[in-house]
Amino acid sequence: MPETTGTLEALDGERVRAAPDVLEARFAEPGRRVRAAGSNNEYLGHVMAADPAGPGARARVEALLDEVRAGLVIR
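Residue numbers for the sequence shown, in full-length UniProt numbering: 1 to 75.
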């Protein structure tokens, strides 16, 4: 979810896409104009994961999204 308005320069999601138990990961492409998100309609993508051992998928996705945020550049 963008916290500022500008143009998306980078969003590194390759490690997330390759992570174990990730079912789907889609991210906005660089060059997209973004604004501070007020709703889920303005998200820059999504990640779906599974946890075959139990209810840990949400925590797994949250940890993966921390990696994506580290690679997010908006100018």
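Here a beta-carbon is modelled for each residue, glycine too, at the ideal position from N, C-alpha and C.
Rounded Cβ spacing between residue i and residue j (contact assumed at less than 8 Å)
i: Glu-42; j: Arg-35; result: 7 Å
i: Pro-30; j: Ala-10; result: 6 Å
i: Asp-12; j: Val-68; result: 7 Å
i: Phe-25; j: Arg-17; result: In the sequence as displayed, the identity of residue 25 is Ala instead of Phe. About 5 Å; that satisfies the 8 Å criterion.
Residue from the options with nearest C-alpha to residue i
i: Thr-4; options: Gly-71, Asp-66, Val-47 and Gly-38; result: Gly-38
Backbone secondary structure at residue i - three-state DSSP
i: Leu-64; result: helix
i: Arg-69; result: helix
Cutoff 6 Å; reference residue i; Cβ partners in own chain excluding five residues on either side
i: Val-61; result: Val-47 and Ala-49
For residue j and residue i, the rounded distance between their alpha carbons
i: Leu-44; j: Ala-63; result: 17 Å
i: Leu-23; j: Ala-57; result: 11 Å
i: Leu-8; j: Arg-15; result: 19 Å
i: Leu-72; j: Ala-19; result: 18 Å
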